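In this note's numbering, the protein residues as written are -16 to 116.
Each residue gets a CB set at the ideal place from its N, CA and C atoms; glycine is no exception.
The structure presented is a predicted model; accordingly, all values stated were derived computationally and were not measured.
Have a look at the structure below before the remarks.
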Amino acid sequence: MRPIVLFLCQHNAGRSQLGAALMDHRAGDRFEVRSAGIAPSSAINAAGAASLAELGIDTSHRSPRAVTEGDLREAQVVVAMKPGLKLPIDPTGRLIVWELPDPGNWDVETIRPLRDEIDARVQRLAAELAPVD
-16 MRPIVLFLCQ HNAGRSQLGA ALMDHRAGDR FEVRSAGIAP SSAINAAGAA SLAELGIDTS
44 HRSPRAVTEG DLREAQVVVA MKPGLKLPID PTGRLIVWEL PDPGNWDVET IRPLRDEIDA
104 RVQRLAAELA PVD
């Protein structure tokens, strides 16, 4: 059974979608990757989706959703993409907090450095959680 890694942010439109898509892309065969938000938006951040498309990552099947207590119980690792998120319950697994800016109204050019920062963190986390032989 693959460990569950849950990426969380406020709206599940930007940071957590970037994190989940990048983890799926880089190490999805080693983890079950999920994303959710405290107060989900109606759609994924268009600039974030475009920045992922530049890396060959399709986000057309992704949509924002609310975090559930089940998510927080089941995940071995919960990555909060911003400090101070008000979770419905404490996670059962390991909680990691990354302080990242909200890309809410950013364009593709502005979001690229954030995407690349999240990508680097995701790759380090994947290597830490399940080193490749």
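*asked:* For a test of the three-state rule: what should DSSP assign to P3, helix, strand or coil?
replied: A small correction: the amino acid at residue 3 is Ala; Pro does not occupy that position in the sequence shown. It is helical.
_For G20, the residue or residues it bridges with in DSSP_ = DSSP, once it has assigned bridges, lists C(-8), A49 as partnering G20.
*What's the C-alpha gap between I72 and E52?*
Distance from the CA atom of I72 to the CA atom of E52, rounded to whole angstroms, is 6 Å.
*If we ignore side chains and look at the alpha-carbon of each, how far apart do A36 and S43 end up?*
Approximately 10 Å between the Cα atoms of the pair.
*Could you give the C-beta distance for L78 and V61, rounded to a whole number, given that I count them as a contact under 8 Å?*
About 5 Å separates the Cβ atoms of L78 and V61, confirming a contact at the 8 Å cut-off.
_Candidates P23, D7, A29, of which the one nearest L68 by Cα_ = Of P23, D7, A29, the residue nearest in Cα terms is P23.
_Burial state of A103 (16 or more Cβ within 10 Å)_ = With fewer than 16 other Cβ atoms within 10 Å, it is exposed.
*Which residues bound the alpha helix (DSSP H) around A63?*
For A63, no alpha helix (DSSP H) run applies; the uninterrupted beta strand (DSSP E) run containing it begins and ends at 60 to 63, by DSSP.
*Along the chain, where does the alpha helix (DSSP H) that runs through L112 open and close?*
First-last of the alpha helix (DSSP H) with L112: 91 to 112.
_Member of D90, I27, L55, P66 whose CA lies at the smallest distance from the CA of T75_ = Answer by Cα proximity: L55.
*Give every residue of the same chain whose Cβ lies closer than 8 Å to the Cβ of G20, excluding the five residues on either side of it in the sequence, and list them in chain order.*
Closer than 8 Å at the Cβ level, and outside the excluded window around G20, lie L(-9), C(-8), Q(-7), H(-6), N(-5), A(-4), S(-1), P47, R48, A49, V50.
*So which of M64, M6, N28 has the shortest CA-CA distance to R107?*
Closest in alpha carbon position to R107, among M64, M6, N28, is M6.
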